Amino acid sequence: MSTDASRQKGVWRQTRALFYKNCLVKWRTKKSSVQEILLPLFFLFWLILLSMMYPNKKYDEVPDSDLYSVDHSIISEFVVGYTPVNNVTRKIMHKMSAEYFTEGITTEEFLTEQEMQEATFRSPQSFVGVIFKDSMSYQLRFPPTKVPVSAIHVESRASCPNPSKICEAETYWRYGFAALQICIDAAIIQVNTND
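To convert, note that position 175 of the sequence shown is 175 in this note's numbering; the numbers rise steadily by one, no gaps.
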């Protein structure tokens, strides 16, 4: 028992000696000690100042909407070209055009991506390209005027104050990009599940 008590006294004595030594070192190096304290306070001040200058925007709730309520008539104005041509892509595009577009949609087959690119140059405002990577993935190529500039991708739909006014954040939704994507996704699911 006495060894535990003497050991505890030794620990407290060492702790007190190290604390005293640390205080002496800090006292001798006042400049670095002040920097250790003031530098974090300086950065904290700037963070608070910046957060006050640029406060977070509060947006109203965006109402839920049915994805199939997207206006499909916009896409019927386009010619939808796709590549590569094989049985799976034909089935997907046929199912997409037959089931989701009652007024019909014009689809064209292209053997290569280069041929589709040339068709894009012939009618740049009314041509949409679909490039299938495999039976489950694809890329959409829309006319540049029908998609927002890349800097706008970070903007939220909630930032659009008036639903009747078109703002950059809703360009994908209003010009048929989302509608075509929804239809192709549904057709891919149906073809791959044999529904």
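Glycine residues also receive a C-beta, built at the ideal position from the N, C-alpha and C atoms. Bear in mind the structure is a predicted one, so any value in this text is a computation, not a measurement.
Between the C-alpha atoms of residue i and residue j, what's the straight-line distance to the nearest angstrom?
i           : j           : result
residue 184 : residue 86  : 16 Å
residue 32  : residue 25  : 10 Å
residue 132 : residue 80  : 13 Å
residue 75  : residue 42  : 55 Å
residue 200 : residue 138 : Only positions 1 to 195 of the chain appear in this structure, which leaves residue 200 out of reach.
residue 19  : residue 38  : 22 Å
residue 9   : residue 16  : 10 Å
residue 117 : residue 90  : 19 Å
residue 48  : residue 40  : 12 Å
residue 30  : residue 45  : 22 Å
residue 51  : residue 58  : 14 Å
residue 121 : residue 56  : 43 Å
residue 101 : residue 61  : 31 Å
residue 28  : residue 12  : 24 Å
residue 14  : residue 6   : 12 Å
residue 112 : residue 123 : 18 Å
Beta carbon of residue i, beta carbon of residue j: below 8 Å?
i           : j           : result
residue 92  : residue 187 : yes
residue 176 : residue 78  : yes
residue 98  : residue 108 : no
residue 130 : residue 54  : no
residue 140 : residue 181 : yes
residue 135 : residue 194 : no
residue 204 : residue 125 : With the chain covering 1 to 195 only, the question about residue 204 has no answer from this structure.
Tell me whether residue i counts as near the ligand GTP, meaning its Cβ is closer than 7 Å to at least one heavy atom of that ligand.
i          : result
residue 97 : Of ligands this structure carries none, so the ligand GTP is not represented either.
Counting only the same chain and skipping the five closest in sequence on each side, list residues whose C-beta sits under 6 Å from that of residue i.
i           : result
residue 128 : 78, 80 and 142
residue 88  : 135
Residues in the same chain with beta-carbon distance under 7 Å from residue i, minus the five sequence neighbours each way, listed in chain order, please.
i           : result
residue 190 : 95
Can you give me the Cβ contacts of residue i inside the same chain, cut-off strictly under 8 Å, excluding the 5 residues immediately before and after it?
i          : result
residue 21 : none
- Could you tell me which uninterrupted beta strand (DSSP E) segments, each at least 3 residues in length, are contained entirely in the stretch 14-50, listed from first to last along the chain? If we require 3 residues or more, the stretch 14-50 turns out to have no beta strand (DSSP E) run fully inside it.
- Message: So within the stretch 85-117, which uninterrupted alpha helix (DSSP H) runs reach at least 4 residues, ignoring any that extend past its ends?
- Response: Runs of the alpha helix (DSSP H) inside the stretch 85-117: 87-100.
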